[in-house]
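Per this note's numbering, the very first residue in the sequence shown carries number -18; after that it's consecutive.
Below is one structure, written out as structure tokens, with a few remarks after it.
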Amino acid sequence: MLKQAKLSRDKLLSNFEIKRIPGLSSTKIQYLVQGEFMDRYENILIFGNPGTGKSHLSIGLAREWCLSGRKVFYTTAASLVQQLLEAKANLRL
């Protein structure tokens, strides 16, 4: 699953700087790594200012979930908006 996810290889939780995201704790990260929210069909959304490590955190989490056998879909907001605009233009929305 990790290969299919096409995640960046250098964005790991082990080299993530937790202090870059205010209010984030290692306890919260461990909760997310466990992925129990997925069993309840809940989603997560990580947002904040540019350069705070959102992509690094989300890719690191996605990598952990893949390693534990979970299927993951990772995209950026910009990519998602672009895909939606293309689908709308092609009447595939």
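Here a beta-carbon is modelled for each residue, glycine too, at the ideal position from N, C-alpha and C.
Small disclaimer: the values here were computed from a predicted structure and weren't measured.
Buried versus exposed call for residue i [16 or more other C-beta atoms within 10 Å across all chains shown]
i           : result
residue -12 : buried
residue 53  : buried
residue 21  : exposed
residue 13  : buried
residue 32  : exposed
residue 4   : exposed
residue 25  : exposed
residue 66  : exposed
residue 39  : buried
Test item: CB-CB of residue i and residue j under 9 Å
i           : j           : result
residue 59  : residue -14 : no
residue -8  : residue 49  : no
residue -17 : residue 47  : yes
residue 2   : residue 41  : no
Helix, strand or coil at residue i according to DSSP, with G and I counted as helix
i          : result
residue 66 : helix
residue -9 : coil
residue 19 : helix
residue 53 : coil
residue 72 : coil
Endpoints, the alpha helix (DSSP H) within which residue i is located
i           : result
residue 44  : 35 to 48
residue -16 : -17 to -14
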